[in-house]
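Order-wise, the sequence lines are chains A and B. Note that the first sequence covers residues 1 to 150 in this note's numbering. Note that the second sequence covers residues 1001 to 1414 in this note's numbering. Backbone N, C-alpha and C fix where the C-beta goes; we use that ideal spot for every residue, glycine too.
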Amino acid sequence: MAKIFIYPVNSLILADLVERFGHKPLAVMNQVREKVTNISLDSPPVNITPEDPKIGLRYAAVEVPAGVRGRMSLIGPLIEEAEAAIIVHEPPVDFGCVGCNRTNELMKYLVRSKDIPILELRYPEAEENAQEFVYKIAAFLEALSGEEEK
Amino acid sequence: MSEELETVKIALVSCGSEYSGVQPEFEAAAAEVNAKFVYPEIDVAGLDSIGKEFGLEVASGDLLLMMARAKAVVEGTTHVDGVFITTCFRCAEGAIVRNEVRRYIHKHSDIPVISYSFTERTTAGTLLTRLEALTTVARRRHLLAREVQTGLTAGIDSGSTTTKAVVMRDNEVIGSGWVPTTKVLESADEAYSLALEEAGVSRDEIQALGTTGYGRFLIGKHFNAQLIQEEITVNSKGAVYLADCQKGPATVIDIGGMDNKAISVDDGIPGMFTMGGICAGASGRFFEMISKRLGVDITELGSLAVKGMQENVTMNSYCIVFGIQSLVNSLAKGAVPEDVAAAACYSVVEQIFEQQLQEVDVKEPLILVGGSSLIEGVPKALGDLLKIDVLVPKSSHLIGAVGAALLASGYVEE
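Here it is in structure tokens:
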């Protein structure tokens, strides 16, 4: 089992695919759940504490907008944990979206900076592309399992 | 008053303030003015096309969400009394959307809107005046529509640098007081006493009192004021009253001791406004420092400035710290005080242009108020920069006190 970083980082479809192949998806939902169920925090929409953008300084400098650093305080640790990654380009909003494209740019860059296997593919626009899309992801995940077995 | 208890519904149109650590501050500021944030409902499927529909195609999903929420507000899908548009400070994409969404709502509805760019340092205190103004416009349109002062009323404006007071009777200012703010209560007491003395009336005779400015809550409680109101709405009203422009559009620029405000006014009611955002920078206090450095009284700075040429002095910044540094360097290189004074006025005006007017559509007449408007070089520099005539009404420094006395007279009739 490998820890797979997914982009969009809140895509339920990607998380589900990763899980079906026996890997652990590194999705932002778990991070947010942990935050909002923490007794020291109010209920949503308070997703992070006022201190979190400071934690985000580890990934983005102080001149980067606070919203980017706040999001990176959730996503940055996932990237550090990642053993592999799947990046889907130009997905529609309902496939998954972090909301801030500056954060998206930064997280993709940080993932690519790591020495890990990465699958990058375009979001399918037609039925036949969708099959190929799932096939490529499946092949990538199976190959990771194969690597582990060796 | 029962109207004070009504909760005002404010649509929060943001790029994701809940990820910036500032949400508890937003909520605290809203609670302080008995307002509640709501998140206009939208159809997720519509997000894919909203950029094209809006004409502004951006990459960030949350900015598309802002456009969709603005549309929901304008179309009445979600009923709200006001809109608070906010995006991250330092984000260009956010700033573009923030401005265009603000313009869109303003153009298609008469719902009051404020916009703000937040950092993780944004506090409830910073937002309080803005949200207070927003809720006032939503709750008290009838009071703000007041055009004539009646009875015998007074207004006190407890500013960060100076405290002003006026006494008005039958639509005329009959007494005024203007003192530096040292201790808030004592300064207010002194200014009020001066105004009463000039008017020849006693405190017991005053039928209603209004307070505004930074110290409004403290002095309002102390003097048992009928009206305690932030300076955005009060100064808008005072400005159009003194400039005799109560009907139609106007732009009010208030250069205060601590911050600057630009307010777009329609029939005396503020629509869009901005006030000194991240840094108060150059304003009244900057002029005080310049006067001190030039060895002239602040009242002489203006006449000195109109004789000078700002182009002769290199100003690298309109920031109070770096600006002073530039001026000191210029003086050391032999610049004449007239040019330095002119450059100081220009730098303040430049800051207003860059930080406030970018978010407010300038509609004539442009009314300049606040203590700094008395410095002749300031209206001149502003007129030069914007290429329009700048109107400085009589008693422009008393604007807040006059506005408070005028609005307080609404309570005389009640």
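1. Between GLN1325 of chain B and chain A, is there a C-beta pair that is closer than 9 Å?
2. Counting only the same chain and skipping the five closest in sequence on each side, list residues whose C-beta sits under 6 Å from that of MET1275 of chain B.
3. Is GLY67 of chain A close to chain B? Criterion is C-beta to C-beta, closer than 9 Å.
4. For ALA1332 of chain B versus GLY1377 of chain B, is the C-beta spacing smaller than 9 Å?
5. Could you tell me which chain A residues have their CB closer than 7 Å to the CB of ALA1059 of chain B, listed as they occur along the chain?
6. I'd like the list of long-range same chain contacts for ASN1235 of chain B, defined as Cβ closer than 6 Å, with 5 residues on each side in sequence excluded.
7. I'd like the list of long-range same chain contacts for CYS1187 of chain B, defined as Cβ closer than 6 Å, with 5 residues on each side in sequence excluded.
8. May I ask you to list the residues that DSSP assigns as paired with ARG1169 of chain B?
9. Can you give the Cα-Cα distance for SER1158 of chain B and ASN101 of chain A, rounded to whole angstroms?
10. Give me the Cα-Cα distance between ALA126 of chain A and PHE133 of chain A, rounded to the nearest whole angstrom.
11. Any beta carbon of chain A sitting closer than 9 Å to that of GLN1023 of chain B?
12. Is there a Cβ from chain B that is less than 9 Å from the Cβ of PRO77 of chain A?
13. Taking DSSP as the reference, what is the three-state secondary structure of ARG1069 of chain B?
14. Considering Cα atoms alone, identify which of B:LYS1292, B:LYS1237, B:GLU1172, B:LYS1221 is closest to LEU1407 of chain B.
15. Count the other C-beta atoms from every protein chain shown that fall within 10 angstroms of the C-beta of ARG1098 of chain B, then say buried if there are 16 or more, exposed otherwise.
16. Determine the extent of the beta strand (DSSP E) in which LEU119 of chain A is found, giving its start and end residues.
17. Over what stretch of residues does the beta strand (DSSP E) that includes LEU12 of chain A continue unbroken?
18. Given a cut-off of 9 Å, decide if PRO8 of chain A and PHE140 of chain A are closer than it, judged by their beta-carbon atoms.
19. Please report the straight-line C-alpha distance between ILE1278 of chain B and THR1119 of chain B, rounded to a whole angstrom.
20. Examine chain B for any beta-carbon lying closer than 9 Å to the beta-carbon of ASP52 of chain A, and answer yes or no.
21. Please determine, among B:ILE1324, B:LYS1036, B:GLY1125, the residue with the shortest C-alpha to C-alpha distance to ASP1081 of chain B.
22. For chain B, is any of its Cβ atoms less than 9 Å away from the one on VAL111 of chain A?
23. Inspect the beta-carbon positions of SER1117 of chain B and ALA1133 of chain B and report whether they are closer than 9 Å.
24. Does the beta-carbon of GLY1155 of chain B have 16 or more other beta-carbons within 10 angstroms, so that it is buried, or is it exposed?
25. Quick check on LEU1065 of chain B: buried or exposed, where buried means 16 or more other Cβ atoms within 10 Å of its Cβ?
26. Helix, strand or coil: which one does DSSP assign to THR1161 of chain B?
27. In this structure, does DSSP put GLY1210 of chain B in helix, strand or coil?
28. Under a Cβ-count criterion, where at least 16 other Cβ atoms within 10 Å of its own Cβ denotes burial, should ASN47 of chain A be classed as buried or exposed?
29. Could you name the residues of the segment 1043-1074 of chain B whose beta carbon sits closer than 9 Å to any beta carbon of chain A, in the order they occur along the chain?
30. Show which residues of chain B have a CB atom less than 9 Å away from the CB atom of THR49 of chain A.
31. I need the straight-line Cα distance from LYS136 of chain A to VAL1008 of chain B, nearest angstrom please.
32. Between the segment 1072-1092 of chain B and chain A, which residues of the former have CB atoms less than 9 Å from a CB of the latter, in chain order?
33. Quick one: which unbroken beta strand (DSSP E) runs of 3-plus residues sit fully inside the segment 1080-1122 of chain B? Chain order, please.
34. Would you say GLY1016 of chain B faces chain A, with C-beta separation under 9 Å as the test?
35. My understanding is that ALA1199 of chain B touches VAL1167 of chain B, with C-beta atoms under 8 Å, so please give their C-beta distance in whole angstroms.
36. As an exercise, report each continuous alpha helix (DSSP H) stretch of at least 4 residues that is fully enclosed by the segment 85-120 of chain A, in chain order.
Let me lay it out:
1. Residue numbering aside, residue 1325 of chain B sits at position 325 when the second sequence is read from its first letter. Answer no: the Cβ-Cβ gap between GLN1325 of chain B and chain A never drops below 9 Å.
2. As a first step, residue 1275 of chain B is located in the second sequence; it is residue number 275 there, counting from the start. Closer than 6 Å at Cβ, skipping near neighbours: ASP1259, LYS1261.
3. Taking the first sequence and counting its residues from 1, the one referred to as residue 67 of chain A is at position 67. Interface residue, yes.
4. As a first step, residue 1332 of chain B is located in the second sequence; it is residue number 332 there, counting from the start. As a first step, residue 1377 of chain B is located in the second sequence; it is residue number 377 there, counting from the start. For ALA1332 of chain B and GLY1377 of chain B, no; Cβs fall outside 9 Å.
5. Walking along the second sequence from the start, residue 1059 of chain B turns up at place 59. What ALA1059 of chain B touches in chain A, judged by beta-carbon distance under 7 Å, is ASN101, going in chain order.
6. To locate residue 1235 of chain B, count along the second sequence from 1; it is residue 235. Excluding its 5 nearest sequence neighbours in each direction, ASN1235 of chain B has C-beta neighbours in its own chain below 6 Å: ASP1254, ILE1399, GLY1400, GLY1403, listed in chain order.
7. Against the second sequence, residue 1187 of chain B aligns to sequence position 187. For the record, residue 1187 of chain B in the displayed sequence is Ser; it is not Cys. THR1163, VAL1179, THR1181, listed in sequence order.
8. Walking along the second sequence from the start, residue 1169 of chain B turns up at place 169. Looking at the DSSP assignment, ARG1169 of chain B forms a beta bridge with B:LEU1152, B:GLU1172.
9. The residue labelled residue 1158 of chain B in the question sits at position 158 within the second sequence. The residue labelled residue 101 of chain A in the question sits at position 101 within the first sequence. Taking the straight line from one Cα to the other gives about 44 Å.
10. Position 126 of the first sequence holds residue 126 of chain A. Position 133 of the first sequence holds residue 133 of chain A. A straight line joining the alpha-carbon of ALA126 of chain A with that of PHE133 of chain A spans about 10 Å.
11. As a first step, residue 1023 of chain B is located in the second sequence; it is residue number 23 there, counting from the start. Using a Cβ-Cβ cut-off of 9 Å, GLN1023 of chain B counts as an interface residue toward chain A, since at least one Cβ of chain A sits closer than that to its own.
12. Position 77 of the first sequence, counting from 1, holds the residue named residue 77 of chain A. Output row for PRO77 of chain A: interface = no.
13. As a first step, residue 1069 of chain B is located in the second sequence; it is residue number 69 there, counting from the start. ARG1069 of chain B falls in the helix class under three-state DSSP.
14. Working through the second sequence from its first residue, we reach residue 1407 of chain B at position 407. It is B:LYS1237 whose Cα lies nearest to the Cα of LEU1407 of chain B.
15. The count along the second sequence starts at 1 and reaches residue 1098 of chain B at position 98. By the beta-carbon neighbour count (other beta carbons within 10 angstroms, threshold 16), ARG1098 of chain B is buried.
16. The count along the first sequence starts at 1 and reaches residue 119 of chain A at position 119. 118-122 is the extent of the beta strand (DSSP E) around LEU119 of chain A.
17. Within the first sequence, the letter at position 12 stands for residue 12 of chain A. Per DSSP, LEU12 of chain A lies in no beta strand (DSSP E); the unbroken alpha helix (DSSP H) holding it starts and ends at 12-20.
18. Reading the first sequence from its first residue, position 140 is the one you call residue 140 of chain A. Reading the first sequence from its first residue, position 8 is the one you call residue 8 of chain A. No.
19. Taking the second sequence and counting its residues from 1, the one referred to as residue 1278 of chain B is at position 278. Taking the second sequence and counting its residues from 1, the one referred to as residue 1119 of chain B is at position 119. Residue placement at ILE1278 of chain B is poorly supported in this model, since its pLDDT is 47, which falls under 50; the coordinates are not used for a value here.
20. Counting from 1 along the first sequence, the entry for residue 52 of chain A is found at position 52. Contact with chain B is found for ASP52 of chain A, since one of that chain's Cβ atoms lies less than 9 Å from the residue's Cβ.
21. For the purposes of this step, residue 1081 of chain B is taken as the residue at position 81 of the second sequence. Check the Cα spacing between ASP1081 of chain B and each of B:ILE1324, B:LYS1036, B:GLY1125: the tightest is with B:LYS1036.
22. Translated into the one-based positions of the first sequence, residue 111 of chain A becomes position 111. Chain B contact via Cβ: absent.
23. In the second sequence, the residue the question calls residue 1117 of chain B occupies position 117. In the second sequence, the residue the question calls residue 1133 of chain B occupies position 133. No, Cβ-Cβ distance for SER1117 of chain B and ALA1133 of chain B is not below 9 Å.
24. Counted from its first residue, the second sequence places residue 1155 of chain B at position 155. With 16 or more Cβ atoms within 10 Å of its Cβ, GLY1155 of chain B is classed as buried.
25. For the purposes of this step, residue 1065 of chain B is taken as the residue at position 65 of the second sequence. By the 10 Å Cβ count, LEU1065 of chain B comes out buried.
26. On the second sequence, position 161 is the one that residue 1161 of chain B refers to. Here THR1161 of chain B carries a coil assignment [DSSP, helix/strand/coil].
27. Here residue 1210 of chain B corresponds to residue number 210 of the second sequence, with the count starting at 1. In this structure, GLY1210 of chain B counts as strand in the three-state DSSP scheme.
28. Here residue 47 of chain A is taken as the residue at index 47 of the first sequence, counted from 1. Looking at its Cβ environment, which holds 16 or more other Cβ atoms inside 10 Å, ASN47 of chain A is buried.
29. So the list reads VAL1044, ALA1045, LEU1047, ASP1048, VAL1058, ALA1059, SER1060, GLY1061, ASP1062, LEU1063, LEU1064, LEU1065, given in the order they occur along the chain.
30. For this step, residue 49 of chain A is matched to residue 49 along the first sequence. By Cβ distance, chain B contributes GLY1021, PRO1024.
31. As a working note, residue 136 of chain A is residue 136 in the first sequence. As a working note, residue 1008 of chain B is residue 8 in the second sequence. Using only the alpha carbons, I get a separation of about 52 Å.
32. Those residues of the segment 1072-1092 of chain B that come within reach of chain A (Cβ to Cβ, closer than 9 Å) are THR1087, CYS1088, PHE1089, ARG1090, CYS1091.
33. Within the segment 1080-1122 of chain B, complete beta strand (DSSP E) segments of at least 3 residues are found at 1082-1088, 1113-1118, given in chain order.
34. One-based indexing of the second sequence puts residue 1016 of chain B at position 16. Interface residue, yes.
35. Within the second sequence, residue 1199 of chain B is the residue found at index 199, counting from 1. Within the second sequence, residue 1167 of chain B is the residue found at index 167, counting from 1. 4 Å between Cβ atoms; contact.
36. Within the segment 85-120 of chain A, the complete alpha helix (DSSP H) runs of at least 4 residues are 101-113.
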